[in-house]
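Everything below concerns the one structure shown next.
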Amino acid sequence: MALQKVFREAYVEALRSNIDPAKYAGESFDYEESQVHYMANVHQPENLLERMDEKDELKSAIALYEEYKELTPLAASKNDLWAYLAHVDLFSYMQKRFPAVTDGTADVKYIREHWFRSANGTIRSSLAGLWWSVYCSVDESREDKYELTKMLFQNDNIRTHYFGPSTIFRHREAVIGILEFLVENPDISKVHFNSRCIYIAQYFNRLGAVKQLAYMDRNFFKGELMKRKTILKTVTSKAQVLNGNK
Amino acid sequence: MKINDISLPYPVLGISDDVLPLLKKDCVSIERPTMTATSLQFKIHLKQRNKEISQFIRKGKAEYVCEINCTRTFYRKCYKQSSADFEIEIPRKDVSGRIEFDMFVTVKTPIEQYHNSQFNQDYEGVYFDMEPGDVLVAFPSASYNLDIKYDKLYAAGSFMQIANGGDDSRPTWFNLSEDKILIMLPPKMFKLYDEKIRVDRDYIEIIHSSIVFNALVFALTRINKSEYDGKQWAESIKYRVKTEPALKGFDLEDTERVFELAQTLLEDPYQRMFDHLSIMKRPVED
Chain W
91 MALQKVFREA
101 YVEALRSNID
111 PAKYAGESFD
121 YEESQVHYMA
131 NVHQPENLLE
141 RMDEKDELKS
151 AIALYEEYKE
161 LTPLAASKND
171 LWAYLAHVDL
181 FSYMQKRFPA
191 VTDGTADVKY
201 IREHWFRSAN
211 GTIRSSLAGL
221 WWSVYCSVDE
231 SREDKYELTK
241 MLFQNDNIRT
251 HYFGPSTIFR
261 HREAVIGILE
271 FLVENPDISK
281 VHFNSRCIYI
291 AQYFNRLGAV
301 KQLAYMDRNF
311 FKGELMKRKT
321 ILKTVTSKAQ
331 VLNGNK
Chain Y
62 MKINDISLPY
72 PVLGISDDVL
82 PLLKKDCVSI
92 ERPTMTATSL
102 QFKIHLKQRN
112 KEISQFIRKG
122 KAEYVCEINC
132 TRTFYRKCYK
142 QSSADFEIEI
152 PRKDVSGRIE
162 FDMFVTVKTP
172 IEQYHNSQFN
182 QDYEGVYFDM
192 EPGDVLVAFP
202 SASYNLDIKY
212 DKLYAAGSFM
222 QIANGGDDSR
232 PTWFNLSEDK
242 ILIMLPPKMF
252 KLYDEKIRVD
262 RDYIEIIHSS
272 IVFNALVFAL
282 TRINKSEYDG
292 KQWAESIKYR
302 VKTEPALKGF
312 DLEDTERVFE
322 LAQTLLEDPY
332 QRMFDHLSIM
342 KRPVED
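Sequence lines, in order, name chains W and Y. Counting in my numbering, the first sequence tops out at residue 336, every number present. Counting in my numbering, the second sequence tops out at residue 347, every number present.
In structure tokens form, the structure reads like this:
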């Protein structure tokens, strides 16, 4: 198996600073071979492109994570791999996922947002966001290790706007506790999921201002939500939460 | 949990004068990490002198806590112990860029009717039921940035860069949201800069004393905004102001001296420009 190729970091910056939408419309992206080098100890997967599905974020995220399971957090935090995949190995997937590049409506900002690290953070970055979402929610101790990941991907808005970018998402115990509560309480997660998750994110955000949440384990987070289950059941709209009626 | 000039619903040593004796300047000391091939080893020493809080720690009702965060790698770990001296080893593969340290004394088992004889008098006769996770002491936060090459901060290029703004209809602007201060030129100007100006020694001093200098002044007037916390350019400048003898006496809160500070950071760009202009070759006149 060949080692995984990546762009040199300076080249990623150069590409990002000189985006030409026309270069993203063709069958492949024209890049400089001299600006590519190999990653140590990371191999290029053979069938990743076939496993990626532009219509199914969860399926693509799990495929990406499984193929790069051994990636260290340090390596995954860099832009070189994700930019290379987006421009080379997974270029056709990216074009299908973000079709404005082929129908001629994509501008520089659109490409910068999707082909490079998003200005709105890692979780909202296209490929990196998928990998990190699985990394933060996979639980090897469960029969289905992606059970919590599936819950996280139930609503893309929740993953990329409410839970993903929040600091609580970096606290593994909190992620497991909250997602486990949602899995075990379908009466909460099957309906009005969006607004109820906003309530949960907002609740822990407020609690984090008076309590050191990183100190607490998964049982605390689950327990807090159990205590508020009656209130959660009455949450039926986003406006209700955002207007502070809950 | 970030404690920045906030008030908690109970008195906390380290926030305002809620509890005495106040934390001293040396209440947190973090040594530069020892770096091995595979890890970073941090030694952290915490100091607080409140006897009743120390008593809670001795009895196992509270403990010292060091929370470590690295946004880029989603690393968030909480180290807990009864000793105020931490020795923490972090695998290198787990962190990148800025590492943040938040230190507390945190309640471990419920403390009913908490009252401290050193509470501010505003809390006289007031008692609190404290639960695990509640904070008794909040030490000042600290950070260490792995991206900053502390010995290579002196060139302007280490924290500033001229880039393509991507839009010809927008005039030049300064982007402070990235790790470097980005001077965003309209594409046509950037092309000219990239192909002709950047490579010509005759233009460097002029560029430094004009747009680069302006961008730096712009950044310095905004450096204390929370949105730029952790940005490499801001951290680099803060570190230089704190440690460089030539910058001694400058205060980043003092906007009156921003112009002077920018000149010092860029090593007197006006003087360099004048020196260079005086020796620039003039075109041969017929």
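The beta carbon of each residue, even a glycine, is placed where N, CA and C say it ideally should be. Source: prediction; values computed, not measured.
Asked	Found
Comparing alpha-carbon positions, which option in D179(W), E103(W), R296(W) and S223(W) lies nearest L243(Y)?	E103(W)
Which residues in the same chain have their Cβ closer than 6 Å to the Cβ of H176(Y), if we skip the five residues on either side of it in sequence?	Y188
For F147(Y) versus C127(Y), is the C-beta spacing smaller than 7 Å?	yes
Does the beta-carbon distance from I109(W) to V178(W) come in below 7 Å?	no
If we call anything under 7 Å between Cβ atoms a contact, is M164(Y) one with F117(Y)?	no
Three or more C-beta pairs closer than 8 Å, one from the segment 223–237 of chain Y and one from the segment 245–264 of chain Y: is that the case here?	yes
Would you identify the three-state DSSP class for I288(W), choosing helix, strand or coil?	helix
Find the nearest neighbour of E140(W) within the set F181(W), K280(W) and V228(W), judged by alpha-carbon distance.	F181(W)
Any Cβ of chain W within less than 7 Å of the Cβ of S144(Y)?	no
Using a 10 Å radius around the Cβ and a threshold of 16 neighbouring Cβ atoms, would you call H133(W) buried or exposed?	exposed
At the 7 Å Cβ level, is P111(W) part of the contact set with chain Y, yes or no?	no
Closer than 7 Å between beta carbons: that is the criterion. Which residues of the segment 302–317 of chain W meet it against chain Y?	Q302, L303, A304, Y305 and M306
Check the Cβ of T195(W) against every Cβ in chain Y and list those closer than 9 Å, keeping chain order.	Within 9 Å Cβ-Cβ: nothing; T195(W) doesn't reach chain Y, min ~16 Å.
Provide the residue span of the beta strand (DSSP E) that contains S115(Y), from first to last.	Element bounds for S115(Y): not the beta strand (DSSP E) but the alpha helix (DSSP H), K112 to R119.
Quick one: using the 10 Å Cβ neighbour count with 16 as the cut-off for buried, is I129(Y) buried or exposed?	buried
Say whether the segment 245–263 of chain W touches the segment 290–303 of chain W, bearing in mind that this needs 3 or more beta-carbon pairs closer than 8 Å, one atom from each stretch.	yes
Taking C-beta pairs closer than 8 Å, name the residues in chain Y that T162(W) reaches, listed in chain order.	K154 and D155
Given a cut-off of 7 Å on the beta-carbon distance, is the pair Y128(W) and K95(W) in contact?	yes
If I follow the unbroken beta strand (DSSP E) through F220(Y), where does it start and stop?	Counting along the chain, F220(Y) falls outside any beta strand (DSSP E), and DSSP gives it neither H nor E.
Check whether the Cβ of V300(W) lies closer than 7 Å to any Cβ atom in chain Y.	yes
Where does the unbroken alpha helix (DSSP H) through H204(W) begin, and where does it stop?	V198 to W205
From D315(Y) to A123(Y), what distance separates their C-alpha atoms?	40 Å
Decide if T282(Y) is buried, meaning its Cβ has at least 16 other Cβ atoms within 10 Å, or exposed.	exposed
Taking only beta-carbon positions, decide if H251(W) is within less than 7 Å of chain Y.	no
By the three-class DSSP mapping on this structure, what secondary structure does F311(Y) have?	coil
Reducing DSSP to helix, strand and coil, say where N309(W) ends up.	helix
Could you check which residue in A280(Y), H337(Y), I172(Y) and E192(Y) has the C-alpha nearest to that of D261(Y)?	H337(Y)
Let me check one thing: in DSSP terms, what residues is K241(Y) bridge-paired to?	Paired residues: none, contrary to the question.
Please state whether the Cβ-Cβ distance between P163(W) and D155(Y) is less than 7 Å.	yes
Return the CA-CA distance between V191(W) and Y140(Y), expressed in angstroms with no decimal places.	47 Å
Thinking C-beta only, is P70(Y) closer than 7 Å to D79(Y)?	no
By DSSP's criteria, C88(Y) is part of a beta bridge. Which residues make up the other side?	C88(Y) pairs with nothing; no bridge assigned.
Could you give the distance in angstroms between the alpha-carbon of F180(Y) and the alpha-carbon of H282(W)?	46 Å
In this structure, what does DSSP give as the bridge partners for E150(Y)?	Q102(Y)
Going by DSSP in three states, Q109(Y) sits in which element: helix, strand or coil?	coil
Can you say whether F271(W) is buried or exposed, counting buried as having 16 or more other CB atoms within 10 angstroms of its CB?	buried
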